[in-house]
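For reference, the structure is listed below as structure tokens.
Residue numbers (our numbering): 34 to 176.
Right, dumping it as structure tokens:
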């Protein structure tokens, strides 16, 4: 009887851990086409700047080009970056409270490499979100 109770408790604990991870950690991302207008804006901003942009600054300029947040990024936005070791940086942009009708939370990842002039250039973009009518993280649109 004690063994059965222990096994049931273990299975329940693992289920809770799995659910928590699934709800809080996105495991897959959808690729997004690179926006030529945003790429041009990033290149122009870097050519006009006296100091080189960091990968984070470049990714934010790219990601929010043409949006309400283009001039000022809300304080709730969380940005982190990682050097992938081959000259590529991955910048993660997390919006924990998206102000959108159907999207509640979003994560975008922008991959950047330096171009021949030594300026950061987005080379790949991915996204995932939590949306109305969907459970957990998804790459599908909300209902």
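Note that CB positions come from ideal geometry on N, CA and C, so glycine has one too. Since this is a predicted model, take the numbers as computed values, not measurements.
8 Å Cβ cutoff met for residue i and residue j
i           : j           : result
residue 111 : residue 127 : yes
residue 86  : residue 153 : yes
residue 113 : residue 88  : no
residue 125 : residue 117 : no
residue 70  : residue 99  : yes
residue 167 : residue 173 : yes
Buried or exposed (CB count within 10 angstroms, at least 16 for buried), residue i
i           : result
residue 76  : buried
residue 141 : buried
residue 39  : exposed
residue 63  : exposed
residue 44  : exposed
residue 108 : exposed
residue 41  : exposed
residue 104 : exposed
residue 82  : exposed
residue 35  : exposed
residue 182 : A question about residue 182 goes unanswered here, because the residues of the chain that appear run from 34 up to 176.
8 Å contact criterion, which residue i and residue j should meet: CB distance rounded
i           : j           : result
residue 92  : residue 155 : 7 Å
residue 65  : residue 159 : 6 Å
residue 161 : residue 80  : Not confirmed; about 32 Å, so no contact.
Within-8 Å CB hit, residue i to chain D
i           : result
residue 101 : This model lacks chain D altogether; it includes just one protein chain.
Check your understanding: Any contact of the region 146 to 155 with the region 130 to 137, i.e. 3+ C-beta pairs under 8 Å?
Key -> no
Check your understanding: Which runs of the beta strand (DSSP E) fall wholly inside the region 123 to 153 and span at least 3 residues, in chain order?
Key -> 136 to 147
Practice item. Return the chain-ordered ranges of every alpha helix (DSSP H) run that is complete within the region 86 to 130 and spans a minimum of 4 residues. Key: 88 to 96
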